[in-house]
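Residue 90 is where the sequence shown starts when you use the working numbering, and the numbers rise one by one after that. Every residue, glycine too, gets a C-beta built ideally from N, C-alpha and C. All values reported here derive from a predicted model rather than from experimental measurement.
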Amino acid sequence: ADDISLPVRLEKQISFLERNTDFGLCGSWIRNFGDKAYVDKLPVSHEEIISQLFFGYAIAHPSVIIRTDILREINGYDEDLRYAQDYELWSRMIKITKLKNLPAVLVKRRIHGGNSDSQIVAKEAVRRNIRQRFLQDLGIHPTVHEEKLHTAVCDCKLDFSFSFNDAETWFQKLILANRRKQIYPEPQFTRTMEKYFFYVIKRAEIPISHKYYKVLNSAIRMAIGPNPIHLINRIGHLTAYETLMLYRKKK
90 ADDISLPVRL EKQISFLERN TDFGLCGSWI RNFGDKAYVD KLPVSHEEII
140 SQLFFGYAIA HPSVIIRTDI LREINGYDED LRYAQDYELW SRMIKITKLK
190 NLPAVLVKRR IHGGNSDSQI VAKEAVRRNI RQRFLQDLGI HPTVHEEKLH
240 TAVCDCKLDF SFSFNDAETW FQKLILANRR KQIYPEPQFT RTMEKYFFYV
290 IKRAEIPISH KYYKVLNSAI RMAIGPNPIH LINRIGHLTA YETLMLYRKK
340 K
């Protein structure tokens with residue numbers, strides 16, 4: 090209850106919705122303060138947002154305003170859920186309306202102490218179920234190993250139970266499934282994959298040769314900013330993923 094809306098917030102968001110009747114939700118970037126201080130520069134366009142939602146966080150709940158008729162059409166929040174109600178709501182909204190984040194900080198959010206272990210487990214269970222629905226929409230019914238891998242990818246926490254090739258193969262499977270189903274917009278979906286691919290490798294606890302890592306690290310530094318949500322799409326005329334593929338072909 091101690092989030093702070095800036096004075097111009099509602100004016101800017103309502104103005105956007107009045108001018109863009111095909112959008113049902115408008116959020117914004119958000120400045121966090123308290124235990125941690127940083128700005129969430131979230132994806133801005135509808136295409137970027139829904140591609141990011143496939144993995145997780147793309148909309149700051151305290152920043153949003155939503156059209157009442159849209160909420161009524163989808164019966165509002167799922168009151169049976171104690172956690173991650175917002176993520177579940179977004180997962181239904183993207184099927185009937187468009188979403189927007191204004192590229193400006195309009196809300197300040199206080200970061201308190203961490204959640205208890207039980208709360209973290211409960212939240213992750215809800216998010217995992219929603220991600221399963223997203224995978225099923227793509228016609229993917231993951232094995233137990235793939236489900237664990239996808240959770241690790243979404244959390245950017247690969248460990249030694251997965252290999253570098255596991256991650257690469259999984260991303261390619263997702264991209265090819267979307268090309269068949271055409272659910273998520275291109276090239277935004279593939280670009281989001283590229284960003285996660287490199288962020289995962291950057292944080293991975295998996296063995297990569299020193300020479301290989303040096304090339305990866307160079308590409309990663311150019312592709313990824315200080316905030317994992319705020320990522321640069323291109324390295325010159327090549328993406329980070331394309332740069333890596335060229336390097337591997339030369340080897």
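Output needed for residue i: all residues of its chain with C-beta closer than 6 Å, excluding positions within five of it in sequence on either side, in chain order.
{"i": "K189", "result": "F112 and C115"}
{"i": "R120", "result": "V128, V194 and K197"}
{"i": "I93", "result": "K197"}
{"i": "R108", "result": "none"}
{"i": "F105", "result": "C115"}
{"i": "K212", "result": "Y172 and A173"}
{"i": "A126", "result": "none"}
{"i": "Q277", "result": "E136, E137 and S140"}
{"i": "V210", "result": "none"}
{"i": "K246", "result": "none"}
Alpha carbons only, please: which of the options is nearest the one belonging to residue i?
{"i": "W118", "options": "Y146, P231, I229 and D124", "result": "Y146"}
{"i": "R220", "options": "D255, W179 and V194", "result": "W179"}
{"i": "G228", "options": "T186, A211 and R268", "result": "R268"}
{"i": "S134", "options": "E235, T186 and F223", "result": "T186"}
{"i": "D167", "options": "L106, I155 and R181", "result": "R181"}
{"i": "D289", "options": "V97, D244 and P274", "result": "It is Val, not Asp, that sits at residue 289 in the sequence shown. With distances taken between Cα atoms, V289 lies closest to D244."}
{"i": "V97", "options": "L191, I163, F287 and Q208", "result": "L191"}
{"i": "N218", "options": "Q208, E236 and S207", "result": "E236"}
{"i": "F287", "options": "E257, L263 and I272", "result": "E257"}
{"i": "L263", "options": "F144, T110 and A126", "result": "F144"}
Applying the criterion that 16 or more other CB atoms from any shown protein chain within 10 Å of the CB defines a buried residue, is residue i buried or exposed?
{"i": "T281", "result": "buried"}
{"i": "L265", "result": "exposed"}
{"i": "H201", "result": "exposed"}
{"i": "T157", "result": "exposed"}
{"i": "S152", "result": "buried"}
{"i": "T279", "result": "buried"}
{"i": "E137", "result": "buried"}
{"i": "Y261", "result": "The sequence shown places Gln at residue 261, rather than the Tyr named in the question. Q261 should be labelled exposed."}
{"i": "E275", "result": "exposed"}
{"i": "Q208", "result": "exposed"}
Assuming residue i and residue j are in contact, meaning their beta carbons sit under 8 Å apart, how far apart are those beta carbons, in whole angstroms?
{"i": "V215", "j": "L170", "result": "6 Å"}
{"i": "Y172", "j": "V242", "result": "Wrong, their Cβ atoms sit about 21 Å apart, outside the cutoff."}
{"i": "V196", "j": "L99", "result": "The pair is not a contact, with the Cβ atoms about 11 Å apart (cut-off 8 Å)."}
{"i": "D91", "j": "R222", "result": "That pair is no contact at about 33 Å."}
{"i": "L160", "j": "I148", "result": "Incorrect: roughly 15 Å between the Cβ atoms, too far for contact."}
{"i": "I154", "j": "Q102", "result": "5 Å"}
{"i": "D124", "j": "H150", "result": "Actually they do not touch by this definition, with Cβ atoms about 18 Å apart."}
In its own chain, which residues sit with a C-beta less than 7 Å from the C-beta of residue i, not counting the 5 before and 5 after it?
{"i": "Y183", "result": "For clarity, residue 183 is Ile in the given sequence; the question names Tyr instead. Same-chain partners within the cutoff: I139 and L142."}
{"i": "D255", "result": "L238"}
{"i": "I272", "result": "D226 and L227"}
{"i": "E162", "result": "I185"}
By Cβ distance below 8 Å, which residues in the same chain neighbour residue i in space, the five residues on each side in sequence not counted?
{"i": "H239", "result": "R220, L224, P231 and W259"}
{"i": "K270", "result": "D226, L227 and G228"}
{"i": "G165", "result": "L178"}
{"i": "F122", "result": "K197, R198, R199 and I200"}
{"i": "S250", "result": "K237"}
When you compare the CB of residue i with every CB in chain D, is at least one pair closer than 8 Å?
{"i": "F287", "result": "Among the protein chains of the structure shown there is no chain D, as only one such chain exists."}
> What are the uninterrupted segments assigned as beta strand (DSSP E) that are 3 or more residues long and contained completely in the stretch 254 to 280, given in chain order?
Replying inline: DSSP assignment within the stretch 254 to 280 yields no whole beta strand (DSSP E) run of 3 residues or more.
> What are the complete beta strand (DSSP E) segments, minimum 3 residues, inside the stretch 126 to 177?
Replying inline: 127 to 129
> In the stretch 189 to 232, which residue ranges form an unbroken alpha helix (DSSP H) of at least 4 residues, counting only runs that do not cross its ends?
Replying inline: 206 to 226
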